[in-house]
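Please read the structure below before turning to the comments.
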């Protein structure tokens, strides 16, 4: 497998293809999902054979450990690499959305292309520019330390009809659905936004909420991928980029 080394980074940098596997295993492990080759292949949309071959290369490189029952786990080196990739992806999303004015779905796609190309120096510069955020723009913690300090929230699909909530987090699984990202952004259902639960119906397979841009309805499955907090949430939970960056975004988008 092809690797690059960043200046100041003692570990080889995984190829773009390998990065997807590391991020997928990172998410599957944190979500409590089975970390076997078959579900990993399904998540990545590749054949089981292709996934097995990549897992073998990752294991050879010391990034993944394969247990006797064939379950997979990131090694400490693999987890560190996955955390670095996710952090760079998140920082790039802040840059692309708040400076270049791209939408959520576009920025996610572009960040995936760029995350393996930036150096630690550029990473640090972007972090300073966007205010060293603890989460990505969708509210997902950048690292384990941030995750431990933050409340878990509840699924939007589990909220009580008539209750007031604050949109808290669009999970990493939801981020894979570009149409859902576009819809949520268009409806203003972004982290930190208050909303009222109008209806939750298993019979109609739908959740209806009143948000900042009117009434929105979605299926129970996508709603289950969105986390909310009851009532009015602490504003400190939601990152805001420095004021000068907001001004730069307005200038760039003219």
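In this note's numbering, the protein residues as written are 3 to 256.
Heads up, the beta-carbon is just placed ideally off N, CA and C, and yes, glycines get one too.
All values derive from a computational prediction rather than experimental measurement.
Counting only residues of its own chain and dropping the five nearest sequence neighbours on each side, residue 162 has a CB closer than 7 Å to the CB of 199. According to DSSP, residue pairing for residue 231 in a beta bridge involves 168. Between residue 245 and the set 133, 189, 155, the nearest pair of CA atoms involves 133.
In the structure shown, the three-state DSSP call for residue 87 is helix. Per DSSP, residue 38 lies in no beta strand (DSSP E) segment and is marked neither H nor E. Taking one beta carbon from each stretch, the stretch 56 to 72 and the stretch 91 to 106 have fewer than 3 pairs nearer than 8 Å; the two do not touch. Within the same chain, Cβ atoms closer than 6 Å to the Cβ of residue 75 are found at 67, the five residues on either side in sequence being excluded. Listed in chain order, the alpha helix (DSSP H) elements of length 4 or more contained wholly in the stretch 61 to 118 are 78 to 100, 106 to 116.
Residue 163 has no beta-bridge partner at all, per DSSP.
Put simply, the backbone Cα of residue 209 is about 25 Å away from that of residue 143.
For residue 124, the enclosing alpha helix (DSSP H) stretches over residues 122 to 131. In the DSSP assignment, residue 198 forms a beta bridge with 166, 212. In summary, residue 111 is exposed, with fewer than 16 beta-carbon neighbours lying within 10 Å of its beta-carbon over all protein chains present. Note on geometry: alpha-carbon atoms of residue 232 and residue 53 lie some 40 Å from one another.
Counting every other CB atom within 10 Å of its CB across the protein chains shown gives residue 221 a total below 16, marking it as exposed.
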